[in-house]
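The structure appears right after this line, and notes come after that.
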Amino acid sequence: MKAVIQRVLSASVAVDGNEIGTINQGFLILLGIEKDDVPEDLDYMLHKTVGLRIFKDEQNNMNLSIQDVAGEALVVSQFTLCADTRKGRRPSFINAAPPEIAESTYENFCKKLQDESVPVQMGRFGAMMEVCLTNDGPVTILLD
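Under my numbering, the sequence shown is numbered contiguously, ending at residue 359.
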């Protein structure tokens, strides 16, 4: 499982020009599910995400979590994070989980994030999406 977490002032996702999710301050999370992922990987990713202290405190230090700032999350499934680019110029997506497994894992991640009191908006699994964001910093974290 791989995630790109961007600290944002706002973010939104649209399908066919129709906005389906929008957040204010929080995280835009691009989530890639791999075929060898196990439930422990989801739990690890969830706790790392919730525990990341990358929001500024009163002294302007990155010391606060998404829960500390009452932030929101926009989670977008992105199988291209699972790309293997070691050979040739065309990425291989052989490491990506099959859609039926990836979709349920993606939905489970979002549900567990909500269970941690983080309001969640979602992209549409398998759809072509337009994602807009106002990155705050910029601060971008890779989790693997």
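In this text, a Cβ means the ideal position worked out from N, Cα and C, and glycines have one as well. Computed from a predicted structure; not experimentally measured.
- Taking 3 residues as the shortest admissible run, the region 222–289 contains the following complete beta strand (DSSP E) segments, listed from N- to C-terminal end: 233–238, 241–247 and 277–279.
- With respect to the 8 Å criterion, M344 and V228 are classified as neighbours on the basis of their beta carbons.
- The beta-bridge partner set that DSSP reports for V291 consists of L245.
- R305 has its alpha-carbon roughly 28 Å from the corresponding atom of L257.
- By the 16-neighbour rule on beta-carbons within 10 angstroms, A285 is exposed.
- For L348, the enclosing beta strand (DSSP E) covers residues E345 to L358.
- Nearest to S280 by alpha-carbon distance, out of Q221, T349, I235 and K217, is Q221.
- A straight line joining the alpha-carbon of G232 with that of C297 spans about 26 Å.
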